[in-house]
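Asks: In the working numbering, the protein residues as written are -18 to 299.
Note that the Cβ used here is the ideal one computed from N, Cα and C, for glycine as well.
Structure below.
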């Protein structure tokens, strides 16, 4: 059992539950090693040794009646006993790039939390990147504040897009992120984490990222993003988490390498950050011949074996 308090640091790759999901069993699986393989087989984890937590993505819709990529929430809850048996901790992530999670009542939030409670639940993550209105964000943050008071053993985090500006402007969160920070302050929420999506900076200019050899240096840009958030919004380093998109990003000129993983992990360890994650476990595989561009099932990098990033982060964070 994890214990009665939330961990101060979490390393948990994102697992998009709909990817590599068998239609017959509904067992959360990944095809990093080739054929889809359940995360848990016969009560044992199939993750690389030393990787003991996942962030499960994404629950969307209204709290208490949420779905997972349009599938009933039983898809996720049916997998929880296996994760518990295998000793895999987990975070439940909501929203995401393609979905919105809302919560208008405390009762709904309690029903949502109750569905996923187990000895291995670390907490809940709220990924806000769809231009949600201020009213939606304010309502969600208020529900989270009440939930945090009722469940102090759980972690609550907000995943937000960021720049890594190196021009002295401290350019950090976009409009979505700024609405979240305003709502946090208005609600008086204090026990929370900000998980920065250190990816997709765009054009290699100092306003967006740390530039080296005419490209965004993804490792150094992640570090700069954390420092900007700390300086501009006063979020302690211990409450900042970083989530890169491994390999080729949606902005294809932004490429996160194994060397970047080592740089980011070293900074996280030395600065005592709150966590490191990455998007995503399913992408931590070499692309088959003929696959080009951005893929949900491979990194777009050659020479990086399956689980290469998973184990690189694991080793560098020790």
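With 16 as the cutoff for other CB atoms within 10 Å, does residue 240 come out buried or exposed?
Replies: Exposed, since its Cβ has fewer than 16 Cβ neighbours within 10 Å.
Asks: Indicate the three-state DSSP secondary structure (helix, strand or coil) for residue 306 in the structure shown.
Replies: For residue 306 there is no data in the structure shown, the boundaries of the chain being -18 and 299.
Asks: Can you name, in chain order, every residue of its own chain whose Cβ lies under 8 Å from the Cβ of residue 153, other than the five neighbours on each side?
Replies: Only 143, 144, 146, 206, 209, 210, 213 and 214 meet the Cβ criterion.
Asks: Where does residue 219 fall in DSSP's three states?
Replies: DSSP places residue 219 in helix when its eight states are reduced to three.
Asks: How is the alpha helix (DSSP H) around residue 97 delimited, first residue to last?
Replies: Its alpha helix (DSSP H) spans residues 87 to 97.
Asks: Quick check: what's the CA-CA separation for residue 232 versus residue 61?
Replies: The alpha-carbon atoms of residue 232 and residue 61 are separated by roughly 34 Å.
Asks: Given this structure, state the Cα-to-Cα distance separating residue 99 from residue 186, to the nearest angstrom.
Replies: Cα to Cα, the separation comes out at about 45 Å.
Asks: Could you give the DSSP three-state label for residue -7: helix, strand or coil?
Replies: Three-state DSSP puts residue -7 in coil, outside helix and strand.
Asks: In chain order, which beta strand (DSSP E) runs of at least 3 residues are fully inside the region 30 to 80?
Replies: Segments of the beta strand (DSSP E) lying fully in the region 30 to 80: 34 to 43 and 70 to 76.
Asks: Our contact map puts residue 72 next to residue 36 with C-beta atoms below 8 Å; I'd like the distance itself, whole angstroms only.
Replies: Rounded, the Cβ-Cβ distance is 4 Å, consistent with contact.
Asks: Could you spell out the range, first to last residue, of the alpha helix (DSSP H) harbouring residue 209?
Replies: Taken as a continuous stretch (DSSP letters only), the alpha helix (DSSP H) holding residue 209 covers 199 to 214.
Asks: Please list the terminal residues of the continuous beta strand (DSSP E) segment that includes residue 116.
Replies: No beta strand (DSSP E) holds residue 116; the alpha helix (DSSP H) holding it covers 115 to 131.
Asks: Where does residue 148 sit, in a helix, a strand or coil, going by DSSP?
Replies: Residue 148: coil per DSSP, three-state reduction.
Asks: Within 9 Å of any Cβ in chain B, is that where the Cβ of residue 273 sits?
Replies: The structure shown contains no chain B; it holds only a single protein chain.
Asks: Where DSSP assigns a beta bridge to residue 25, which residues make up the other side?
Replies: 22, per the DSSP bridge assignment.
Asks: Helix, strand or coil, according to DSSP, for residue 259 in the structure here?
Replies: Coil at residue 259, not helix or strand.
Asks: When DSSP labels each residue in this structure, what does residue 162 get in the three-state scheme?
Replies: Residue 162: helix per DSSP, three-state reduction.
Asks: With residue 3 and residue 17 assumed to form a contact (beta carbons below 8 Å), what rounded beta-carbon distance in angstroms separates them?
Replies: Contact flag correct, Cβ pair sits at about 6 Å.
Asks: Under DSSP, the alpha helix (DSSP H) around residue 296 begins and ends at which residues?
Replies: Per DSSP, residue 296 belongs to the alpha helix (DSSP H) from 289 to 298.
Asks: Going by DSSP, which residues form a beta bridge with residue 176?
Replies: Beta-bridge pairing links residue 176 to 140 and 222.
Asks: DSSP three-state label for residue 285, please.
Replies: Three-state DSSP puts residue 285 in coil, outside helix and strand.
Asks: Exposed or buried, which one is residue -11 when buried takes at least 16 other CB atoms within 10 Å?
Replies: Under this definition residue -11 is an exposed residue.
Asks: Using only alpha-carbon positions, find the residue among 196, 289 and 250 that is nearest to residue 262.
Replies: The option with the nearest alpha carbon to residue 262 is 289.
Asks: Can you grab the Cα-Cα spacing for the pair residue 90 / residue 284, in whole Å?
Replies: One C-alpha to the other measures close to 44 Å.
Asks: To the nearest angstrom, how far is the alpha carbon of residue 293 from that of residue 14?
Replies: For residue 293 and residue 14, the distance between alpha carbons rounds to 16 Å.
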